[in-house]
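Undergrad: Before we start, here is the structure in question, set down as structure tokens.
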Amino acid sequence: MAAGFAAALGAVPALSQTKQEHVHAMAQTVMPFDLSKTVHFFKMTDTGGVQSVVVKDTYDKDQIRLVRRHLQHEAKAFERGDYADPMSLHGKSMPGLSELATHHQEIAVSYSELPLGAAITFEGRDRHLATAIHRWFGAQLSEHGSDARPE
Numbered sequence: 051m052a053a054g055f056a057a058a059l060g061a062v063p064a065l066s067q068t069k070q071e072h073v074h075a076m077a078q079t080v081m082p083f084d085l086s087k088t089v090h091f092f093k094m095t096d097t098g099g100v101q102s103v104v105v106k107d108t109y110d111k112d113q114i115r116l117v118r119r120h121l122q123h124e125a126k127a128f129e130r131g132d133y134a135d136p137m138s139l140h141g142k143s144m145p146g147l148s149e150l151a152t153h154h155q156e157i158a159v160s161y162s163e164l165p166l167g168a169a170i171t172f173e174g175r176d177r178h179l180a181t182a183i184h185r186w187f188g189a190q191l192s193e194h195g196s197d198a199r200p201e
């Protein structure tokens, strides 16, 4: 009987997972590149910040292409106030997210290629928006875990 009980417990899926586990499990639904083969960098600036994604293997041209395509797509979406991808991955209550979506016309968003990936620069028109960007970056740093680093 004890063996049957133990087997039954083993069949029950974990009921809770950390935010980092959730982000890692759901990443492929939002990002076409392999999260384990890349690093997200977040640099906070006076007016907002720069989010960059670079590949770990300098010869992995496929991952570089996927990173660039994804960040270019995201930059265009962010310019329109469309933050659906980060919302689906991190949740609706992600710090800074509602301010960015609501005030997207007041945030300059630009895409640029890097030798090993790409970057998106966010520049808010005022301190309130810069702070919202910083809060959003901070949440991503926390929730991505070892796949993300401050710059």
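Sequential numbering of the sequence shown, starting at 51, is according to my numbering.
No residue lacks a Cβ here, since even glycine has one placed at the ideal position from N, Cα and C.
(1) Flag this pair as yes or no: are the beta carbons of G195 and V105 separated by less than 7 Å?
(2) For L116, I'd like the list of residues in its chain whose CB is within less than 7 Å of its CB, leaving aside the five on either flank, ordered along the chain.
(3) If you draw a straight line from the alpha carbon of G99 to that of H154, how long is it in whole angstroms?
(4) Residues in the same chain with beta-carbon distance under 8 Å from E156, minus the five sequence neighbours each way, listed in chain order, please.
(5) State the start and end residues of the unbroken beta strand (DSSP E) segment that holds H153.
(6) Can you give me the start and stop residues for the alpha helix (DSSP H) that A121 sits inside?
(7) Measure the CB-CB distance between A125 and V103 and report whether it falls below 7 Å.
(8) Tell me the residue span of the beta strand (DSSP E) that contains S86.
(9) On the CB-based measure, 16 or more other CB atoms within 10 Å of its CB, does A189 come out buried or exposed?
(10) Nearest CA to the CA of R118: which residue from D197, R185, T88?
TA: In short:
(1) For G195 and V105, no; Cβs fall outside 7 Å.
(2) Contacts found: P82, F83.
(3) When rounded, the distance between both Cα atoms is 15 Å.
(4) Cβ-Cβ distances below 8 Å link E156 to G174, R175, D176, L179 in the same chain, with the five nearest sequence neighbours on each side left out; the list follows chain order.
(5) No beta strand (DSSP E) contains H153, which DSSP labels as neither H nor E.
(6) One detail in the question is off: residue 121 reads as Leu in this sequence, not Ala. Residues 111–129.
(7) No; because the gap between Cβ atoms is not below 7 Å, this pair is not in contact.
(8) That residue, S86, is in no beta strand (DSSP E); it is neither H nor E in DSSP.
(9) With 16 or more Cβ atoms within 10 Å of its Cβ, A189 is classed as buried.
(10) Closest option to R118, Cα to Cα, is T88.
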